[in-house]
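Trainee:
In the numbering used here, the protein residues as written are 163 to 777.
1. Starting from residue 263, trace the beta strand (DSSP E) both ways and give me its first and last residue.
2. Specify, as a first and last residue, the run of the beta strand (DSSP E) that residue 764 falls within.
3. Which residues in the same chain as residue 670 place their Cβ atom closer than 8 Å to its Cβ, once the five residues preceding and following it in sequence are excluded?
4. Whose C-beta lies closer than 8 Å to the C-beta of residue 299 among residues of the same chain, with five residues either side of it excluded?
5. How would you write the range of the alpha helix (DSSP H) that residue 257 sits in, first residue to last?
6. Distance check for residue 355 and residue 349, CA to CA, integer angstroms please.
7. Would the region 400-407 and the region 190-200 be scored as touching if the rule is three or more Cβ pairs under 8 Å?
8. Is the region 165-176 in contact with the region 356-371, if contact means three or more CB pairs nearer than 8 Å?
9. Which residues mark the beginning and the end of the alpha helix (DSSP H) in which residue 357 is found?
10. Which stretch, first to last residue, makes up the alpha helix (DSSP H) that contains residue 180?
11. To which residues does DSSP link residue 759 through a beta bridge?
12. Enumerate in chain order the residues of its own chain whose CB-to-CB distance from residue 764 is below 7 Å, with the five nearest sequence positions on each side excluded.
13. Just reading off the beta strand (DSSP E) that residue 723 is part of, what are its end residues?
14. Taking the continuous alpha helix (DSSP H) assigned at residue 565, which residues delimit it?
15. Taking C-alpha atoms, which residue in 568, 555 and 525 lies nearest to residue 536?
16. Leaving out five residues before and five after residue 741 in sequence, what residues of the same chain have Cβ atoms less than 8 Å from its Cβ?
17. Strictly by DSSP, which residues pair up with residue 774?
18. Does residue 736 come out as helix, strand or coil in the three-state DSSP assignment?
19. Kindly confirm or deny that the region 417-426 and the region 245-255 touch, where touching means at least three C-beta pairs closer than 8 Å.
20. What residues in its chain sit with their C-beta under 6 Å from that of residue 336, if we drop five residues either side in the sequence?
21. By the three-class DSSP mapping on this structure, what secondary structure does residue 227 have?
22. What residues are listed by DSSP as bridge partners for residue 729?
23. How do the region 267-285 and the region 199-206 stand: do at least 3 beta-carbon pairs fall below 8 Å, yes or no?
24. For residue 774 versus residue 761, is the C-beta spacing smaller than 8 Å?
25. I need the boundaries of the alpha helix (DSSP H) containing residue 170, first residue and last residue.
26. Could you check what DSSP says for residue 444 in three-state terms: helix, strand or coil?
27. Anyone know if the C-beta pair for residue 235 and residue 415 falls short of 8 Å?
28. For a quick check, are the C-beta atoms of residue 215 and residue 247 less than 8 Å apart?
29. Locate the alpha helix (DSSP H) running through residue 127, then write down its first and last residues.
30. Can you tell me the Cα-Cα spacing of residue 245 and residue 427, whole angstroms?
31. Sort 357, 266 and 719 by Cα distance to residue 294 and report the nearest one.
32. How far does the alpha helix (DSSP H) with residue 416 in it extend, from its first residue to its last?
33. I'd like the span of the alpha helix (DSSP H) that includes residue 538, first residue to last.
34. Along the alpha helix (DSSP H) that carries residue 134, what are the first and last residues, could you check?
35. Out of curiosity, what's the CA-to-CA distance linking residue 227 and residue 748?
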C-alpha cells in the first residue's frame, strides 16, 4: 500500500503529516537533551555527596574501623557510579542528540524539495487545464459567431429584396465563420487531448512519485526514531555491568564489616593497661585514725583519680557536717587546683601503659621501615659501584663513596634511635625508675594486657606446669619478645647491626628472653679495612649482610593484594598475573606507578593501578 495510489487526492494532509513527523523528531531531540542534563546533574550531585561525606583525615589517622574503611570503599565505588552517569550523558549527546539533529535537518530539506516538486507538477497540470479552457472558450466563441453568420445568411437568402451582392457577402461571411469554428474546434480537440494526457500523467505518474518519495522519507524517519530509541537504551545498558559491579563491590565491602574487629580496635585504642582499684576500706570512727596508704600509680587512671577525689569529698563532707563546717570545706575543696595534664615525653611515659606500648611499637615499626629503606638504598649504590668497578666507562666508582658514607651515617643514627625506643619498651610508664624494675607484685606487661594478678605476682591464665629452663618474659622484655611473631618486629634492627643492638640489654644485665630461633653468627674474624661508605655499625661482611637480609625477608609479614586486571609482560623485571591472583607486596610504589610483588617464588613489577589493596 502506497500513498501515490491510495492518497493521490490528499496532498494537503500528507504535507501536514510529514511536517508533524519532523516536529515529533525534534521534540524527541529535546527530550534526550533534558535526559542528558539530568544525568550530568545527577553525576555532579553524587560527586558533591561523595566529597561532603569523605571521612576527614584526622578522623581515621589513628585507628581505622571496618565500618569507616568499608564506607570509604563504598564512596569510591559510588564515584565509579557517578562516572558511569557521566558516560551516559556523554553517550546520549554524541550518539543520540547529534544524530537526531542531523536527521532533522536532512528530513526538512528533503521534505521541502519534494513538496516544491509536487507544487511544480501541480502548476504544470493547472497550466494545461487553463490552456484547454482557453481553446474551449475560443471554440465556443467561434461556434457562436458561425451560428450568427449562418442565421444572417439564411435571412438574406429568404429576403427577395436583398441584392445578389448582399447575398454573396452573407454567404462569404458564413463560410469564413465556419472555417474559424472548425479551426477553433480542432485546436480545442488537440488541447483537450493534451490536457487529459497531462492530467493522467500527473495523477498516475508525477504526483504518485512525489507522494511515494514522501512516504519513503516518512518511513525512514520512523526507522530512525526506532534506532534512536534503541541507542538511547543502549547508552544506559552499556554502563549497567560496571554499575552492577560497583554495587557488588559495595555489598562485598558491607560484608567486610566486622563487629569483633572493631571492638578489638576500640580496646586497643582506649585500653589503659591499669587494673581496677582495690576495695574501699571501712572507716571505723571508733578507732583512732590511721595513715592512709599511698595509692599505687599503676592502679590509678585519670578517671579513678577523679573518682577518688569525688569519693573523698563525700566522706569528708559527712565528717564536716558533724562539725558544721560544710561551707568552709566546700570553699576549700573548690580552691584545690586541678591536676595538670602531663607533658608529652619522648618515651611516651605521659600515656597510660597500654597506650604507651602502642605508641612505642608504632615508633619502632616506623624506624624499622626507615632502616629497611636505607639498606635498600645502600644495596643499590653498592651494586652501582660494582658495575662501575667492572666497567669504568659507565662511571667512576669513587664518586659513589660520599653517598655511601651519607647512607651509613643515616643508618647509624636510625639504629641508635631504634635501640633507644626498644629500650623504652623495657622502662615504660608507671614503673619504678629508681631501680629500673617493677615490684614483685606488679608485672607491667601483664598489667598492660589487662590481666589480673595472683598474690605471687604471676598473671592468671599462665600455665603452672611450665618446664624449667623455658625463657619467660621479664619487666625489661623488648618488643621483639612481646610480639607474636617473635623475631619479626626486631629483625631489621638486630640483624642489620650484626646482633649488637639485639643483645644490648643482655650486656647491661637484664634478664631478657632470647628469640626462639638462634641466628648464625659471623665467624669471619679476618680484619679488613672499612670503605668510606661503610659505617662502624654496619655488618662486617657482605655475605653476612646478605644472609641476614634473606632471613629477614623470610620472616617478614608482607601485605597482600589482589589483582583486579590481567597483566602480561615479557620484560624480565615484570611479573605476569591474572585476575584474582593474591600477591605479596615486596616493595611499595615509590611514585613511578609500579609495585614489586611476589607470586609463589617469582618476583617482579606490576602496575599499581592493577592492584586491589582493599580486598
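Ideal Cβ positions, reconstructed from N, Cα and C, are used throughout, including at glycine.
Mentor: Judging by the given coordinates:
1. The sequence position of residue 263 within the chain shown is 101, counting from 1. Note, residue 263: premise wrong, no beta strand (DSSP E); alpha helix (DSSP H) at 260-320.
2. Sequence index remark: in the chain shown, residue 764 carries index 602 (1-based). Start and end: 764-769.
3. Along the chain shown, read from residue 1 onward, the residue named residue 670 stands at position 508. Its pLDDT being 36, under 50, residue 670 is placed unreliably in this model, and the value from its coordinates should be taken loosely. Contacts found: none.
4. Within the chain shown, residue 299 is the residue found at index 137, counting from 1. Answer for residue 299: no residue qualifies.
5. Numbered from 1 along the chain shown, position 95 holds the residue referred to as residue 257. That residue, residue 257, is in no alpha helix (DSSP H); it is neither H nor E in DSSP.
6. Walking along the chain shown from the start, residue 349 turns up at place 187. Walking along the chain shown from the start, residue 355 turns up at place 193. In a straight line, the C-alpha of residue 349 is about 10 Å away from that of residue 355.
7. no
8. yes
9. Locating residue 357 in the chain shown gives position 195, where the first residue counts as 1. Per DSSP, residue 357 belongs to the alpha helix (DSSP H) from 326-363.
10. Here residue 180 corresponds to residue number 18 of the chain shown, with the count starting at 1. First-last of the alpha helix (DSSP H) with residue 180: 173-214.
11. Sequence index remark: in the chain shown, residue 759 carries index 597 (1-based). Residue 759 pairs with 747 and 766.
12. Taking the chain shown and counting its residues from 1, one reaches residue 764 at position 602. Hits under 7 Å: 737.
13. By one-based count along the chain shown, residue 723 stands at place 561. That run of the beta strand (DSSP E) goes 722-725.
14. What you label residue 565 is simply residue 403 of the chain shown in a count that begins at 1. Its alpha helix (DSSP H) spans residues 563-586.
15. Taking the first residue of the chain shown as position 1, residue 536 is located at position 374. When only C-alpha atoms are compared, the closest one is 568.
16. Your numbering for residue 741 matches position 579 in the chain shown. Hits under 8 Å: 725, 726, 727 and 728.
17. Residue numbering aside, residue 774 sits at position 612 when the chain shown is read from its first letter. Looking at the DSSP assignment, residue 774 forms a beta bridge with 724.
18. In the chain shown, counting from the first residue as 1, residue 736 sits at position 574. Strand at residue 736.
19. The region 417-426 vs the region 245-255: no contact.
20. Here the question's residue 336 lines up with position 174 in the chain shown. For residue 336, where only same-chain residues beyond five positions count, the Cβ hits under 6 Å are 311, 312 and 315.
21. Against the chain shown, residue 227 aligns to sequence position 65. Coil.
22. Residue mapping note: residue 729 aligns to position 567 of the chain shown, counting from 1. For residue 729, which the question treats as bridged, DSSP gives the partners 739.
23. no
24. For the purposes of this step, residue 774 is taken as the residue at position 612 of the chain shown. For the purposes of this step, residue 761 is taken as the residue at position 599 of the chain shown. For residue 774 and residue 761, no; Cβs fall outside 8 Å.
25. The count along the chain shown starts at 1 and reaches residue 170 at position 8. Residue 170 -> no alpha helix (DSSP H), and no H or E assigned at all.
26. Residue 444 sits at position 282 when you count from the first residue of the chain shown. If DSSP states are grouped into helix, strand and coil, residue 444 belongs with coil.
27. Here residue 235 refers to the residue found at position 73 when the chain shown is read from its first residue. Here residue 415 refers to the residue found at position 253 when the chain shown is read from its first residue. Contact: yes.
28. By 1-based counting over the chain shown, the position of residue 215 is 53. By 1-based counting over the chain shown, the position of residue 247 is 85. No. Outside cutoff.
29. Given that the chain is displayed from residue 163 to residue 777, the structure contains no residue 127 and the question cannot be resolved.
30. On the chain shown, position 83 is the one that residue 245 refers to. On the chain shown, position 265 is the one that residue 427 refers to. Taking the straight line joining both Cα atoms gives about 34 Å.
31. As a first step, residue 294 is located in the chain shown; it is residue number 132 there, counting from the start. Residue 294 has its Cα closest to that of 357, out of 357, 266 and 719.
32. Locating residue 416 in the chain shown gives position 254, where the first residue counts as 1. 402-417 is the span of the alpha helix (DSSP H), which, as asked, contains residue 416.
33. Against the chain shown, residue 538 aligns to sequence position 376. Taken as a continuous stretch (DSSP letters only), the alpha helix (DSSP H) holding residue 538 covers 515-552.
34. Only positions 163 to 777 of the chain appear in the structure, and residue 134 is not among them; the question remains open.
35. Residue numbering aside, residue 227 sits at position 65 when the chain shown is read from its first letter. Residue numbering aside, residue 748 sits at position 586 when the chain shown is read from its first letter. Residue 227 and residue 748 have their alpha carbons spaced roughly 25 Å apart.
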